[in-house]
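According to the numbering used here, the sequence shown is numbered sequentially starting from 28. What follows is a set of notes on a single structure, which appears directly below.
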Amino acid sequence: MSDRIVVVGGGLAAGTAVVELRERGFDGEITLVADEAHPPYERPPLSKSVLLGEKEADSAILKETGWYADHAVDLRTGTHVESIDLAGRRVRANGESIPYDRLLLATGARPRALAMADDSGASVGYLRTIDDSVALRARFGEGFRLGVVGGGWIGLEAAAAARPSGAEVTVLESLDLPLLRVLGPEVAGVMAGLHREHGVDLRTGAEITAISRVDDEVHVRLADGSTLVVDHLLVGIGVQPNTEIAEAAGLVVENGIRTDRHLRTSHEDVFAAGDVANADHPVLGRSLRVEHWDTAIQHGKVAAANLMGGEADADALPYFFTDQYDFGMEYVGNAAPGGYDRVVLRGDVEGRVFTAWWLDGAHVVAGMHANDWDAIDDVRRIVGRTVDVDRLADERTPLADV
Ligand SMILES: Cc1cc2nc3c(=O)[nH]c(=O)nc-3n(C[C@H](O)[C@H](O)[C@H](O)COP(=O)(O)OP(=O)(O)OC[C@H]3O[C@@H](n4cnc5c(N)ncnc54)[C@H](O)[C@@H]3O)c2cc1C
């Protein structure tokens, strides 16, 4: 068993791995190097309860600082790892060289930047950290005009958190529907209807040609000749994995740090987990990098087992949830565009209580429920299986019998 484990990154994957190491009885040295000022925390509340003002930002923190001290974890927040020396088994941070026997890279991802917005000098921002969430929440209120670039999860959740405060919200989405690539037209249409019903000005097919600052306003010019005027522009156009230190060290990086099914990178002493890991998935039969809360947890646990010499598989099916207004959904699997040929919907789609199933032939590649919380067990059971498609599509057949 390794004596010294260094974990880089202060997110959920890193935090989970450290907790799991101690719970599994690892009694060697653990150093957790995290460049944010906070100990590891969860991000989903930052666009939901914290942004809604229902919960304090601290509620997102995984373990208080005292836990790390009590469990002999050397927690170094506000510390950025600059480089890794694979041959010498050391990481460099703040001019210090920290030795390891095994290393976990859980450096996560950062928002994809929109240069046009950043260069405008106007009030523009992103939503990734506790500090981003707290700053955005402080501006919400009656008459505040929020523009959102990108109708993805972050943009839609921010819109749903802003509306109850009385803010006016405009979402600019370049495709014909929000979340079109993730959910396909059948379910993406439900999300569009949901937001429009709640008073969001959702503009699809929107192409931004210029962003400028005019006094305290943000002016967003669109290709159709119109100009959107807002007080703040939130950019939510996806994330990119933080792979720089891995790449510079010589690890294989392809859409994230490549790992095998055990989360081991191209170097045997080094593992990667969470948003940054593009891991072989033993059940799906291909490699996959997902940006999901649950994957960060599952990867954190598997990485901990394997840092201790285990051979655990990262085999959990991808799982995702969202809450927007009175709408909640849970999604299992991965229906990449081109990876399915049929969508089966069951239930009351207009009333937004339904299940949806993405099929490649008779193979169920993904499934979800909307506001039908008891269905999650069936979703988990059915995704990944080959089914009788007629029975799945026939609502008289209970899901339990599919
Ligand atoms: C606002 C928001 C809402 C979300 N909501 C949901 C949701 O509802 N459902 C869902 O499934 N997923 C959701 N997600 C996604 C989910 O939060 C991520 O998948 C998860 O945070 C990934 O965890 P991670 O530990 O891999 O990476 P991260 O959370 O990105 O953490 C990585 C950390 O490592 C630090 N770091 C990077 N490089 C270095 C370095 N060189 N040295 C030191 N530290 C470094 C980073 O600063 C960061 O703090 C949401 C994300 C956001 C931003």
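A virtual CB, placed ideally from N, CA and C, is assigned to each residue, including glycine.
Does the region 355-369 come within contact of the region 87-96, defined as at least 3 CB pairs closer than 8 Å?
no
Would you say A304 and T286 are within 7 Å of each other, going by their C-beta atoms?
yes
Please indicate yes or no: does the CB of F13 lie closer than 6 Å to some heavy atom of ligand 1?
Outside the modelled stretch of the chain, which goes from 28 to 429, sits residue 13, for which no answer is possible.
Same chain, Cβ closer than 7 Å to R373, five either side skipped, listed in chain order
F381, T382 and E422
For ligand 1, any of its heavy atoms closer than 6 Å to the Cβ of E62?
The question names Glu, but residue 62 in the sequence shown is Asp. It does: the Cβ of D62 is within 6 Å (strictly closer) of some heavy atom of ligand 1.
Quick check on the burial criterion: 16 or more other C-beta atoms within 10 angstroms. Buried or exposed for E338?
exposed
For G394 versus V370, is the C-beta distance shorter than 7 Å?
no
Distance cut-off 6 Å: A187 Cβ against heavy atoms of ligand 1
no
DSSP three-state label for T292, please.
coil
Tell me which residues share the same chain as E56 and place their Cβ nearer than 6 Å to its Cβ, disregarding the 5 neighbours each side in the sequence.
R31
Less than 6 Å between C-beta atoms, sequence neighbours within five positions excluded: which residues of the same chain meet that for T413?
A389 and H390
Check whether the region 292-311 and the region 129-136 touch, using three or more Cβ-Cβ pairs below 8 Å as the test.
yes
Any chance the CB of D302 is under 6 Å from a heavy atom of ligand 1?
yes
From V247 to D417, what does the alpha carbon distance come to, in whole angstroms?
48 Å
With DSSP collapsed to three states, give me the class of Y127.
coil
Return helix, strand or coil for N121, following the three-state DSSP convention.
coil
So for S192, helix, strand or coil by DSSP?
helix
Would you say A66 touches ligand 1, meaning its beta carbon is less than 6 Å from a heavy atom?
Looking at the sequence provided, one finds Pro at residue 66 rather than Ala. No - ligand 1 has no heavy atom lying nearer than 6 Å to the Cβ of P66.
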